[in-house]
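The sequence shown lines up with residues -24 to -1, 1 to 393 when you count with mature numbering (1 follows the signal peptide of the UniProt record, and there is no 0). Backbone N, C-alpha and C define an ideal beta-carbon position, used for all residues, glycine too. Structure first, then comments.
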Amino acid sequence: MELHSQRRARSGLLFLSALISVSSFAPYKGPAHWSQTDLTFVGQQQQRTQNKNRVRNKPTRLHSQASSDDESKFPAFPDGSDASALGSAEESELRRSEFILADEDLFADDERRRSRLERDSKTREKYAEYGDELWELRSKMEELSKELVKKIGSGDKDAEREVREKLLKAEARDPELMYGLETRKMKKAEKEGRKEDAEKHREEAAAARTCLPHLNLEGLWVGKYGSHGYEMINVTYVGDTLIAFKITGDKNVPKGEITFQGNLGPSKASGKPNSLKPIVLTENAAQKWGTKQLPRYFGNGQVAEEGFKNTQWMDGQLIIIGTDYFSFAWIPIGHQIFFGRPSPELSLKMLRDSGASSVKAAVEPPTMDDDVEKMKEYATRMLEATTATMEDDYLEGKTNPFGCIWHNEATEECYFE
């Protein structure tokens, strides 16, 4: 136990030293000290960047299963899409031939999006914001818990009831705590055959989950892997187990392999957050990062010799730095990597440099004599590229998301423009 405590303390000090740039491994520079190259981590439009960086292809291999504690049924909750009105009737008919979508389907999508936005707004009002507001709430909960113990010991039932009500009200505003409790209630209701109750608790758990940054890190991130330079990873989830695959690799751990993973869900036994004590920042560091504490979670990082030989997993920690950054530390070897969202330009460059396949089509469209698989592949690639263009147009405020239909030539020209 003492050795375990020492390891925790050591990991905390190790992380703090990195924050103030006296670490012996891969230092991280804040926005004020970024070079032009570093600035490619963050796109000028945050929402656009996050949407564009979602990986549409599933990993080819999954080397790990979710842990026994991970029974979540909330792997991901992708955003809906929107579509504005089309142009003339003739254009509408022509473009509709490219997409099997009726007008009522488009309006239904628009209505679903509005409903989702309203639901998200209510959720944000219901729960404490992840950051100083949540840390202060938890301090208050700790004080109320101690006060409740005293009131129970005094035998004053009225005072006990009053404190208990305050504590329950405070707990209801902690999204991480409520996610665990609602998940347990959902499983209990399912086991007892109470379908309506199970669905109600599932919705409550799903709403609370959206307020937890560590369970919403899906997509592409870039970090500096020491002497190997910058590498790209894709974060995905199996339940509440985060799995980070390498999109670009190195001579030790190549692309396609898992670089780190961890079960970030609540404890199966208690429903409470399955995390370490947060790192408390100094006043200067708190001003820099906009938060007084950095939550961290258990994980496992993979290491290997050159050629991906003698692979092994070692203890690690995932540290959440707001909603825009996080880091992962390989504790036994004192190695830590900071990750930020890459810009679309950096994503494309890294994918090209690594030789990874990007969305493209054949040089010539397939003919009727070609193999069926070739036709399917060509159609799939066109759909992927067109969908990406539609998303970009919408986020840029263009009124017509169907204004550009992608085709096989490397040109800026578009059909129906």
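In the structure shown, Ala220 falls within a strand segment according to DSSP collapsed to helix, strand and coil.
Contact holds between the stretch 149 to 160 and the stretch 105 to 119, because three or more Cβ pairs, one in each stretch, are under 8 angstroms apart.
Put simply, the backbone Cα of Gly195 is about 46 angstroms away from that of Arg137.
Less than 9 angstroms divides the Cβ of Ile255 from the Cβ of Ile295.
Taking the CA atoms as reference points, Gly238 sits about 18 angstroms from Ile309. Just measuring C-alpha positions, the residue of Phe221, Glu207, Glu175 sitting nearest Tyr213 is Phe221. Boundaries of the alpha helix (DSSP H) around Tyr155: 151 to 167.
Gln278 is a Cβ neighbour of Thr287, given a cutoff of 9 angstroms. With respect to the 9 angstroms criterion, Phe304 and His190 are not classified as neighbours on the basis of their beta carbons.
When Cβ pairs closer than 8 angstroms are counted between the two stretches, the stretch 96 to 104 is seen not to touch the stretch 118 to 125, the count staying below three. By the neighbour-count definition (other C-beta atoms within 10 Å, threshold 16), Ala355 is an exposed residue. In the DSSP assignment, Arg328 falls within the unbroken alpha helix (DSSP H) covering 320 to 330.
Cβ neighbours of Thr224 within its own chain (closer than 6 angstroms, five residues either side excluded): Glu207, Met208, Lys231, Met326, Ser330.
Within the stretch 104 to 140, the complete alpha helix (DSSP H) segments at least 4 residues long are 108 to 130, listed from N- to C-terminus. The bridge partners DSSP lists for Leu240 come to none. In chain order, Leu193, Glu194, Gly195, Trp197, Leu218, Ala220 place their CB closer than 7 angstroms to the CB of Val211, counting only its own chain and leaving out the 5 sequence neighbours on each side. Inter-residue distance for Gly129 and Lys142 is about 18 angstroms (C-alpha atoms, whole angstroms).
Nearest to Lys176 by C-alpha distance, out of Arg89, Lys161, Val125, Arg92, is Lys161. Going by beta carbons, Ala181 and Glu158 fall inside the 9 angstroms limit. In this structure, Ile297 sits away from Gly199, with a CB-CB distance that is not shorter than 9 angstroms. Residue environment analysis places Leu322 among the buried positions, since at least 16 neighbouring C-beta atoms fall within 10 angstroms of its C-beta. Distance from the CA of Ala183 to the CA of Gly156, rounded to the nearest whole angstrom, comes to 12 angstroms. Looking from the CA of Pro271, the closest CA among Val125, Leu240, Arg178 belongs to Leu240. Of the other Cβ atoms in all chains shown, 16 or more fall within 10 Å of the Cβ of Gly316; this residue is therefore buried. Within the same chain, Ala135, Glu136, Val139 come within 7 angstroms of Lys127 by CB-CB distance, once the 5 residues on both sides are set aside.
The beta carbon of Ala174 lies closer than 6 angstroms to those of Met162, Ala165, Glu166 in the same chain, with the five residues before and after it left out. With contacts defined as CB atoms closer than 9 angstroms, Trp265 and Leu257 qualify as a contacting pair. Per DSSP, Lys264 lies in no beta strand (DSSP E); the unbroken alpha helix (DSSP H) holding it starts and ends at 259 to 265. Secondary structure note for Asp291: its beta strand (DSSP E) is the uninterrupted segment 285 to 297. With contacts defined as CB atoms closer than 9 angstroms, Tyr273 and Cys187 fail to qualify as a contacting pair.
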